[in-house]
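Numbering (full-length UniProt numbering), first residue to last: 1 to 335.
Now the structure itself:
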């Protein structure tokens, strides 16, 4: 079946191409009702679908934004995307989503693809490895808003949780339960400001309550290799921690797996507090106490900021901090 073109609609309706174009773009100021009806019938009869890319070449906006995420299956990410999509629906915008699996090369290709598709702007959970490339697109006039992680602190427009305050409040909660030896389990945070902020919140609380900071209680986890030191070994030291404070949902779930395999009871043998909620946590035998972010709100605020930058190219840069909350459950006990 041959592809229907704009000229085919114009010929069937007995009008010019420009008149059909005006109709499709909602410009009816000087168009009679009869003309509109003829074009409407022609579009319906031919089953004509406008080419959005071709139309974007003639318009300032495509009414489409791109979203680049690290792991589309993650609970935090999926809730953020829902916030983005819901806000776009109320603003007549469409969303294109790209998943990178935390691969900087895929992220770079995603940025290029969205730029070629002439999206009006991009929301990105960046790997931190394409800073210069992102800056190049911003210089070309493409609005970009970051979320989830702040890397070097130079991101121009960004929406993140208030990680430092949340980590302080979580550590303080454990301290008030009597815990003095709290094992901070994290990914490498030296080059990622958002992770550093969590560490600083943890140390702020220790300093506030005059508890020494012990480097052996700072333990690292990597996405591919797991824990640098097995949690069971940590619990077998002379003076073991009484609580684990995990900084990522994947760390929490892997730690739970290890403790369960070794029949280590929570909270009888060790308390556990995690960063990021666990789906269906209330159905666990021992529901886990967590810091709860608000990814849906982050998605809405990121979209609101991006659309504002799209409509106002001179809008000042913003860093917006979204509060977290502490969901107290049964995994932390008083000692």
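Ideal Cβ positions, reconstructed from N, Cα and C, are used throughout, including at glycine.
**8 Å Cβ cutoff met for residue 202 and residue 253** = no
**Request:** Could you tell me whether the segment 103-110 touches the segment 150-169, using the rule of 3 or more Cβ pairs below 8 Å?
**Result:** No, the segment 103-110 is not in contact with the segment 150-169.
**Asked** Less than 8 Å separating the beta-carbons of residue 192 and residue 274?
**Response** no
**Cβ-based neighbour list, residue 96, same chain, cut-off 8 Å, excluding 5 preceding and 5 following** = 64, 65, 66, 67, 114, 117 and 119
**Asked** With a CB to CB cut of under 6 Å and the five nearest residues on each side skipped, what residues in its chain are close to residue 243?
**Response** 174, 179, 182 and 271
**Prompt:** If we count the other Cβ atoms within 10 Å of its Cβ and call it buried at 16 or more, is residue 41 buried or exposed?
**Reply:** exposed
**First through last residue of the alpha helix (DSSP H) which encompasses residue 87** = 75-90
**Asked** How is residue 315 classed by DSSP in three states: helix, strand or coil?
**Response** Residue 315 falls in the coil class under three-state DSSP.
**Per-residue burial, residue 213 [other beta carbons within 10 Å of its own, 16 or more giving buried]** = Burial check for residue 213: the Cβ neighbour count within 10 Å stays below 16, so the residue is exposed.
**Inter-residue Cα distance where the pair is residue 145 and residue 223** = For residue 145 and residue 223, the distance between alpha carbons rounds to 25 Å.
**Message:** Which residue wins for smallest C-alpha separation from residue 45, given the options 62, 9, 300 and 93?
**Reply:** 9
**Message:** Closer than 8 Å is the cut-off here; do at least three beta carbon pairs connect the segment 131-142 with the segment 284-304?
**Reply:** no
**Message:** To the nearest angstrom, how far is the alpha carbon of residue 350 from that of residue 141?
**Reply:** The structure shown does not extend to residue 350, since the chain is modelled only from 1 through 335, so no value can be given for it.
**Request:** Please list, in chain order, all residues of the same chain as residue 228 whose beta carbon is under 6 Å from its beta carbon, the five residues on each side excluded.
**Result:** Closer than 6 Å at the Cβ level, and outside the excluded window around residue 228, lie 220.
**Message:** Quick check: the Cα distance between residue 153 and residue 196, rounded to an integer number of angstroms?
**Reply:** Whole-angstrom Cα-Cα distance: 11 Å.
**Prompt:** How big is the Cα-Cα spacing for residue 318 and residue 266?
**Reply:** 41 Å
**Message:** Let me make sure I understand the geometry here. Which of 226, 24, 143 and 251 has the alpha-carbon closest to that of residue 278?
**Reply:** 251
**Asked** What are the boundary residues of the beta strand (DSSP E) that residue 219 is part of?
**Response** From DSSP, the beta strand (DSSP E) with residue 219 extends over 218-222.
**Start and end residues, beta strand (DSSP E) containing residue 185** = Per DSSP, residue 185 belongs to the beta strand (DSSP E) from 182-186.
**Asked** By Cβ distance, which residues of its chain are closer than 7 Å to residue 200, with the 5 residues on each side in sequence left out?
**Response** 164
**Asked** Per DSSP, residue 273 forms a beta bridge with which residues?
**Response** Residue pairing for residue 273: DSSP places it in a beta bridge opposite 245 and 289.
**Message:** Checking the sheet assignment: what are the DSSP bridge partners for residue 137?
**Reply:** Answer is none; residue 137 lacks a bridge partner.
**Item:** Which of helix, strand or coil DSSP assigns to residue 280
**Value:** coil
**Message:** Give me the residue from 36, 73 and 329 with the minimum Cα distance to residue 14.
**Reply:** 36
**Message:** Between which residues of its own chain and residue 167 is the CB-CB distance below 6 Å, once the five residues before and five after are set aside?
**Reply:** Within its own chain, the residues whose Cβ lies closer than 6 Å to the Cβ of residue 167, once the five positions on either side in sequence are excluded, are 198, 201 and 202, listed in chain order.
**Request:** Look at the Cβ atom of residue 111, then the Cβ atom of residue 130, and state whether they are nearer than 8 Å.
**Result:** Yes, the pair counts as a contact, with Cβ atoms nearer than the cut-off.
**Request:** Using DSSP bridges, identify the partner residues of residue 147.
**Result:** 159
**Item:** Where residue 266 sits in the DSSP three-state scheme
**Value:** coil
**Asked** Measuring CB to CB, does residue 330 end up less than 8 Å from residue 169?
**Response** no
**Request:** Tell me, please, which residues DSSP counts as bridged to residue 64.
**Result:** 94
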